[in-house]
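Everything in the sequence shown is counted per the UniProt record's numbering, starting at 1 for the first residue and increasing by one. Even for Gly, the Cβ is constructed at its ideal location relative to N, Cα and C. Take a look at the structure below.
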Amino acid sequence: MKEKGLTLLKYRVLAILTENDRPLHMGELATLTSVDLSTLSRLIANMHEHGIVHRARVESNQRRVQVTLTEIGHQVYARIKPVTAQYEKLATAPLPGKDVEGLKIALRSICNRIDKLEI
């Protein structure tokens with residue numbers, strides 16, 4: 001993915017915006033990606049410059065910025081999704097299907113608990 005200029009974090013942003021299918025505020029996106037707001041802000045600025053996302057201030061609260069995927073962003077995600085699905089398949093190949101699902105559930109649970117820790 002890196003040779004295509006797409007980092008794991010950019011992919012996570014693309015995936016989360018696609019899965020939610022609605023504009024997300026920067027705070028929501030930071031929470032969902034487990035990335036601090038300043039890092040995410042720089043990343044979104046870069047993605048905006050490349051036409052992948054659109055940023056807009058919320059009319060009711062000018063301090064809030066919401067992010068949406070552009071058509072280019074949707075195209076990038078559609079192009080890269082099969083590659084990431086193949087990576088996942090290769091990484092989990094030694095595990096039976098039910099174990100893969102159990103692993104995903106366990107990893108989500110661990111990530112959620114880590115996000116709640118104040119370190």
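{"Check": "Residue interval of the beta strand (DSSP E) (run including V67)", "Outcome": "N61 to L69"}
{"Check": "Contact test: E88 Cβ vs the ligand PLP heavy atom, cutoff 6 Å", "Outcome": "With respect to the ligand PLP, the structure offers nothing, as it holds no ligand at all."}
{"Check": "I52 and I80 closer than 7 Å at C-beta", "Outcome": "no"}
{"Check": "The beta strand (DSSP E) enclosing A56, as first and last residue numbers", "Outcome": "V53 to V58"}
{"Check": "Bounding residues of the alpha helix (DSSP H) (the contiguous stretch that carries V13)", "Outcome": "L8 to N20"}
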